[in-house]
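Q: Sequence lines, in order, name chains A and B.
Under numbering that gives the first Met the number 0, the residue at position 5 of the first sequence is numbered 4, and the numbers go up by one with no gaps.
Under numbering that gives the first Met the number 0, the residue at position 31 of the second sequence is numbered 30, and the numbers go up by one with no gaps.
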Amino acid sequence: MELGFLKEIPFTNAKIIYQNYVAVWYSDLVILSLSALAVSIAFILFVKLELYHIC
Amino acid sequence: MLRYSKLKASMYALSIYLGFLVIGLIIELLMTAVIPLFFKQRDRDNYNPSEIPTLIPILILGSLFFISFSTLLAILTIKFKEMRMQNLISFIPLILGFIFYSLFTSSEYPNILDYTSLYLSMMLLLYMDILEIPPINFQNARERVSLDAVILSSVLWTLIITIIDIIMIRRIYFTNIEESRQL
Numbered sequence: 000m001e002l003g004f005l006k007e008i009p010f011t012n013a014k015i016i017y018q019n020y021v022a023v024w025y026s027d028l029v030i031l032s033l034s035a036l037a038v039s040i041a042f043i044l045f046v047k048l049e050l051y052h053i054c
Numbered sequence: 000m001l002r003y004s005k006l007k008a009s010m011y012a013l014s015i016y017l018g019f020l021v022i023g024l025i026i027e028l029l030m031t032a033v034i035p036l037f038f039k040q041r042d043r044d045n046y047n048p049s050e051i052p053t054l055i056p057i058l059i060l061g062s063l064f065f066i067s068f069s070t071l072l073a074i075l076t077i078k079f080k081e082m083r084m085q086n087l088i089s090f091i092p093l094i095l096g097f098i099f100y101s102l103f104t105s106s107e108y109p110n111i112l113d114y115t116s117l118y119l120s121m122m123l124l125l126y127m128d129i130l131e132i133p134p135i136n137f138q139n140a141r142e143r144v145s146l147d148a149v150i151l152s153s154v155l156w157t158l159i160i161t162i163i164d165i166i167m168i169r170r171i172y173f174t175n176i177e178e179s180r181q182l
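#1: What residues in the stretch 55-72 of chain B bring their beta carbon closer than 8 angstroms to a beta carbon of chain A?
#2: For Arg143 of chain B, does the three-state DSSP call read helix, strand or coil?
#3: What residues from chain B crowd round Val23 of chain A, counting only those whose CB sits closer than 8 angstroms?
#4: Asn189 of chain B lies in the alpha helix (DSSP H); which residues open and close that run?
#5: Could you tell me which chain A residues have their CB closer than 7 angstroms to the CB of Pro92 of chain B, listed as they occur along the chain?
#6: Buried or exposed: where does Ile25 of chain B fall if 16 or more other Cβ atoms within 10 Å of its Cβ makes it buried?
#7: Between Met167 of chain B and the rest of its own chain, which residues show a CB-CB distance below 6 angstroms, the 5 nearest in sequence each way excluded?
#8: Among B:Ile160, B:Leu36, B:Val154, B:Ile111, which residue has its Cα nearest to the Cα of Arg143 of chain B?
#9: Are the C-beta of Ile25 of chain B and some C-beta of chain A separated by less than 7 angstroms?
#10: Going by Cα to Cα distance, which pick from B:Leu58, B:Gly23, B:Ile15 is closest to Ile129 of chain B?
#11: Does DSSP put Leu93 of chain B in a helix, a strand or coil?
#12: Which residue marks the beginning of the alpha helix (DSSP H) containing Leu6 of chain B, and which one marks its end?
#13: Compute the Euclidean distance between the alpha carbons of Leu63 of chain B and Val46 of chain A, then round it to the nearest angstrom.
#14: Using a 10 Å radius around the Cβ and a threshold of 16 neighbouring Cβ atoms, would you call Glu50 of chain B buried or exposed?
#15: For Tyr46 of chain B versus Leu36 of chain A, is the C-beta distance shorter than 7 angstroms?
#16: Give me the Cα-Cα distance between Gly61 of chain B and Met121 of chain B, rounded to the nearest whole angstrom.
#17: Ile77 of chain B touches chain A at which residues, Cβ-Cβ below 8 angstroms?
#18: Helix or strand or just coil, what does DSSP make of Asn86 of chain B?
#19: Check whether the stretch 75-92 of chain B touches the stretch 33-40 of chain B, counting contact only when three or more Cβ pairs, one atom from each stretch, lie closer than 8 angstroms.
#20: The alpha helix (DSSP H) spanning Asn19 of chain A covers which residue range?
#21: At what residues does the alpha helix (DSSP H) containing Pro52 of chain B begin and finish?
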């Protein structure tokens, strides 16, 4: 099947420039690094429930 | 980058930090509320943090560190034109996190890491808040960790990385798209 409808989408409003691309990646990076804190909360509960014993 | 504008690099960094701090706090509080649900086995189980007011400053400290660290990574990536490595670089904070968190379970680590590694410091502070115990070294439970020193080290790390960020922001130059094709 040919994707003919793609030709009909006007690309006048799609301005994916390098700066926007970097900005999106940067916010992604920040949110991923913040999730490192969430991992630590999960680990604390993991230890608290003695699913793993600290030697 | 800021040559023709009135915006200073320090104000630029401050606005980034404040914006992401709001997002960070929302994400962290949501995670803190949701993660205990995964561990809930019976109805009477309650693993929520005991004191929310002490949790918020800890999360602010942690968020500020992670924001400054990822800003540094992003600026270095842009500066050295390594955008093709972006997917790997995105995971550097998490990979570092897993390395430090696995120290608890796999090996003995020196006490100095409690103060120098922000991942372990944040872990200690969160541990203290969630379990309501004084901060201790994980490998050697008798050894107390100084709370002031942990907080001081986290503030120092954030400040040092922020200063490097501001210096690096000043050194980013706009490259014209036609010119960058030639590079």
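Every residue, glycine too, gets a C-beta built ideally from N, C-alpha and C.
A: In short, the structure shows the following:
#1: Taking 8 angstroms as the upper bound on Cβ-Cβ separation, chain A lies near residues Leu58, Gly61, Ser62, Phe65, Ile66, Phe68, Ser69, Thr70, Leu72 of the stretch 55-72 of chain B.
#2: Counting from 1 along the second sequence, the entry for residue 143 of chain B is found at position 144. If DSSP states are grouped into helix, strand and coil, Arg143 of chain B belongs with the strands.
#3: Locating residue 23 of chain A in the first sequence gives position 24, where the first residue counts as 1. One finds nothing in chain B with a Cβ atom closer than 8 angstroms to the Cβ of Val23 of chain A; even the nearest lies about 10 angstroms away.
#4: What is shown of chain B runs 0 to 182, which leaves residue 189 of chain B out entirely.
#5: Reading the second sequence from its first residue, position 93 is the one you call residue 92 of chain B. Those within 7 angstroms of Pro92 of chain B in chain A are Leu31, Ser32, Ala35.
#6: For the purposes of this step, residue 25 of chain B is identified with residue 26 of the second sequence, where counting begins at 1. By the C-beta density criterion, Ile25 of chain B is exposed, having fewer than 16 other C-beta atoms within 10 angstroms.
#7: Residue mapping note: residue 167 of chain B aligns to position 168 of the second sequence, counting from 1. Once the five neighbours on either side are set aside, the close Cβ partners of Met167 of chain B are Ile74.
#8: Position 144 of the second sequence, counted from the first residue, corresponds to residue 143 of chain B. Distances from the alpha-carbon of Arg143 of chain B to those of B:Ile160, B:Leu36, B:Val154, B:Ile111 put B:Ile111 closest.
#9: Sequence index remark: in the second sequence, residue 25 of chain B carries index 26 (1-based). So no, Ile25 of chain B is outside the interface.
#10: The count along the second sequence starts at 1 and reaches residue 129 of chain B at position 130. Nearest option by C-alpha distance: B:Leu58.
#11: As a first step, residue 93 of chain B must be located in the second sequence, where it is residue number 94. In this structure, Leu93 of chain B counts as helix in the three-state DSSP scheme.
#12: On the second sequence, residue 6 of chain B is found 7 positions in, with the first residue counted as 1. Annotation: Leu6 of chain B is outside any alpha helix (DSSP H) and is labelled neither H nor E by DSSP.
#13: The count along the second sequence starts at 1 and reaches residue 63 of chain B at position 64. The count along the first sequence starts at 1 and reaches residue 46 of chain A at position 47. Val46 of chain A has its alpha-carbon roughly 26 angstroms from the corresponding atom of Leu63 of chain B.
#14: On the second sequence, residue 50 of chain B is found 51 positions in, with the first residue counted as 1. Its Cβ having fewer than 16 others within 10 Å, Glu50 of chain B is exposed.
#15: On the second sequence, position 47 is the one that residue 46 of chain B refers to. On the first sequence, position 37 is the one that residue 36 of chain A refers to. In this structure, Leu36 of chain A does not lie closer than 7 angstroms to Tyr46 of chain B by Cβ.
#16: In the second sequence, counting from the first residue as 1, residue 61 of chain B sits at position 62. In the second sequence, counting from the first residue as 1, residue 121 of chain B sits at position 122. The alpha-carbon atoms of Gly61 of chain B and Met121 of chain B are separated by roughly 6 angstroms.
#17: Position 78 of the second sequence holds residue 77 of chain B. Under the 8 angstroms cutoff, chain A gives Val21.
#18: If you number the second sequence from 1, residue 86 of chain B lands on position 87. Assignment of Asn86 of chain B by DSSP, reduced to helix, strand and coil, places it in the helix class.
#19: Contact between the stretch 75-92 of chain B and the stretch 33-40 of chain B is absent: fewer than 3 CB-CB pairs across the two stretches fall below 8 angstroms.
#20: Reading the first sequence from its first residue, position 20 is the one you call residue 19 of chain A. Counted as a single uninterrupted DSSP element, the alpha helix (DSSP H) harbouring Asn19 of chain A occupies residues 17-47.
#21: As a working note, residue 52 of chain B is residue 53 in the second sequence. For Pro52 of chain B, the enclosing alpha helix (DSSP H) stretches over residues 51-78.
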